[in-house]
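Student: Read in order, the letters of the sequence shown correspond to residues 1 to 324 in full-length UniProt numbering.
Where is the CB? At the ideal position from N, CA and C, for every residue including glycine.
Structure below; questions to follow.
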Amino acid sequence: MLLETVNKKDNKIKKDLWEYIKQWDTIIIHRHVRPDPDAIGSQCGLKELIRATFPDKDVYAVGTTVDDLEYLDQMDEVPEDIYEQALVIVTDTANIKRIDGEHYKMAKQWIKIDHHPLDDSYGEIEWVNTDASSCCEMIADMWLSYPDEIKMTAKAARLLYAGIVGDTNRFLYDATSPFTMQISAELMRFPFSHTEVNDKMNVIKPQAGKLMGYALDQFTVSEEGVGHIILTKTLLKSLGMDDSETHQVVPLLGKIEGVKVWAVFVEQSDSEFRCRLRSKGPVVNEIAQKHGGGGHPLASGTHAKDEEEIVQILKELTDQAKAY
Ligand SMILES: [Mn+2]
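Given below as structure tokens:
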């Protein structure tokens, strides 16, 4: 039995979007650079739904392959010349500059499906739902709006479930709603192993374990409740790791008693720092935006060009934590 509480507020846009998708024979789906399970899950889950529903359409998922996420799905090779007659759909990607792949620009029409705050508008149709826990939740929501028309498969259900689990950190984060739980329950009815997905997502590499140990040993927490850690290139090199594996450190500092907001800085090859900001209440995305980034109120990302800018970001976080 399908749930009755579907998200009604987006009914019109979901209908427009689905009707639009029907008109295209070739559809190429992109997502953001440095993908996470929600990016891959929404991209490949949508591909699978469209393919299962319309076997005659050519549907592709493109972008850089990430070894750690290959257990979810594989990327397709797409000849450049088919873009001219294709519809491009971009999932889970707030900004144009974060789209993985270049050729999307050659397509005549784009669609954006995303759950991040709208700070960069693009696409013929834009469906942005900041109440959704994940982009995968939105794709599953579309399915539940047309359950007789859109064909869900075990493969698609596995991908969408993985994205929801990934973006909610197993239903722990604030964005997890009753609707998230209901949708996840509907997906779990399909014959895939959710324990297999959970186990794969839980595995860390030995060097990531060492990095987590370093972070837990070396973090700083201020009186005002601002936690932070800086991961240098030298450190990452000594562990044989690259930046793509550092995300596992991010939730750790939030576990420390007294931490209200926290920042994880990762030095990049050009000596800039990538900065992830997280919060238990004080809003941090305005700070992220001020430094050229963006994101959700309680989870954002930005950059610092040097240590001076790190000090400035920490100062702004301190002011925000004090005011909270
Ligand atoms: Mn997401």
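Given this structure, state the Cα-to-Cα distance separating Phe273 from Gly294, to the nearest angstrom.
Tutor: For this step, residue 273 is matched to residue 273 along the sequence shown. For this step, residue 294 is matched to residue 294 along the sequence shown. Going by the C-alpha atoms only, they are around 15 Å apart.
Student: Out of Leu298, Phe190, Ile40 and Val62, state which residue places its alpha-carbon closest to the alpha-carbon of His103.
Tutor: Position 103 of the sequence shown, counted from the start, is the residue given in the question as residue 103. Nearest of Leu298, Phe190, Ile40 and Val62 to His103, Cα basis: Val62.
Student: Mark Lys14 as exposed unless 16 or more other C-beta atoms lie within 10 angstroms of its C-beta, in which case mark it buried.
Tutor: Here residue 14 refers to the residue found at position 14 when the sequence shown is read from its first residue. Classification for Lys14: buried.
Student: Suppose contacts are defined by Cβ-Cβ distances below 8 Å. Is Lys155 in contact with Thr53 by that definition?
Tutor: Position 155 of the sequence shown holds residue 155. Position 53 of the sequence shown holds residue 53. No, they are not a contact pair.
Student: Quick one: any contact between the stretch 220 to 234 and the stretch 190 to 197, if contact means 3 or more CB pairs under 8 Å?
Tutor: Touching, no.
Student: Within this structure, are the beta carbons of Ser133 and Thr168 separated by less than 8 Å?
Tutor: Here residue 133 corresponds to residue number 133 of the sequence shown, with the count starting at 1. Here residue 168 corresponds to residue number 168 of the sequence shown, with the count starting at 1. Yes; because the gap between Cβ atoms is below 8 Å, this pair is in contact.
Student: I need the DSSP call for Met1, collapsed to helix, strand or coil.
Tutor: On the sequence shown, position 1 is the one that residue 1 refers to. Residue placement at Met1 cannot be trusted, given a pLDDT of 44 that sits under 50; what the coordinates show is reported in the next sentence. Residue state, collapsed to three classes: coil.
Student: If you measure from the CB of His115, is any heavy atom of ligand 1 nearer than 7 Å?
Tutor: Here residue 115 refers to the residue found at position 115 of the sequence shown. Checking every heavy atom of ligand 1 against the Cβ of His115, one is found closer than 7 Å.
Student: Sorry if obvious, but does the Cβ on Cys44 come closer than 7 Å to a heavy atom of ligand 1?
Tutor: Here residue 44 is taken as the residue at index 44 of the sequence shown, counted from 1. Incorrect: Cys44 has no Cβ contact closer than 7 Å to ligand 1.
Student: Given this structure, state the Cα-to-Cα distance separating Glu223 from Lys260, to the nearest angstrom.
Tutor: Position 223 of the sequence shown, counted from the first residue, corresponds to residue 223. Position 260 of the sequence shown, counted from the first residue, corresponds to residue 260. So the two alpha carbons sit approximately 10 Å from each other.
Student: In this structure, does DSSP put Asp217 in helix, strand or coil?
Tutor: Within the sequence shown, the letter at position 217 stands for residue 217. Of the three classes helix, strand and coil, the one that applies to Asp217 here is helix, per DSSP.
Student: In whole angstroms, what is the alpha-carbon distance linking Met1 and Val203?
Tutor: Against the sequence shown, residue 1 aligns to sequence position 1. Against the sequence shown, residue 203 aligns to sequence position 203. At Met1, the pLDDT of 44 sits below 50, so the modelled position is not reliable and the matter cannot be decided from this model.
Student: Quick one: grab the DSSP three-state call for Val165.
Tutor: Sequence index remark: in the sequence shown, residue 165 carries index 165 (1-based). DSSP places Val165 in helix when its eight states are reduced to three.
Student: In the DSSP assignment, the beta strand (DSSP E) including His303 goes from what residue to what residue?
Tutor: On the sequence shown, position 303 is the one that residue 303 refers to. Element bounds for His303: Ala299 to Ala304.
Student: In terms of residue numbering, what span does the alpha helix (DSSP H) encompassing Ile287 cover?
Tutor: One-based indexing of the sequence shown puts residue 287 at position 287. It spans Asn285 to Lys290 - the alpha helix (DSSP H) in which Ile287 sits, taken as one unbroken run.
Student: If you scan the UniProt domain "DDH" (27 to 164) from start to end, which runs of the beta strand (DSSP E) of 3 or more residues do you find wholly inside it?
Tutor: 58 to 61, 87 to 91, 109 to 114 and 125 to 128
Student: Leaving out five residues before and five after Ser42 in sequence, what residues of the same chain have Cβ atoms less than 6 Å from its Cβ?
Tutor: Position 42 of the sequence shown, counted from the start, is the residue given in the question as residue 42. Thr91, Asp92, Cys135, Cys136, Ile139 and Gly163, listed in sequence order.
Student: Quick one: is the Cβ of Asp167 within less than 7 Å of any heavy atom of ligand 1?
Tutor: Counting from one through the sequence shown, the residue named residue 167 turns up at place 167. Because some heavy atom of ligand 1 lies under 7 Å away, the Cβ of Asp167 counts as near it: yes.
Student: Can you give me the C-alpha to C-alpha distance between Gln182 and Val165, rounded to a whole angstrom?
Tutor: Start at 1 with the first residue of the sequence shown, and residue 182 comes out as number 182. Start at 1 with the first residue of the sequence shown, and residue 165 comes out as number 165. Approximately 13 Å between the Cα atoms of the pair.
Student: DSSP on Glu257, reduced to helix/strand/coil?
Tutor: Position 257 of the sequence shown, counted from the start, is the residue given in the question as residue 257. Judged by DSSP in its simplified three-state form, Glu257 adopts coil rather than helix or strand.
Student: Tell me whether the beta-carbon of Trp18 lies closer than 8 Å to the beta-carbon of Tyr146.
Tutor: Position 18 of the sequence shown holds residue 18. Position 146 of the sequence shown holds residue 146. Their beta carbons are under 8 Å apart, which means Trp18 touches Tyr146 by this criterion.
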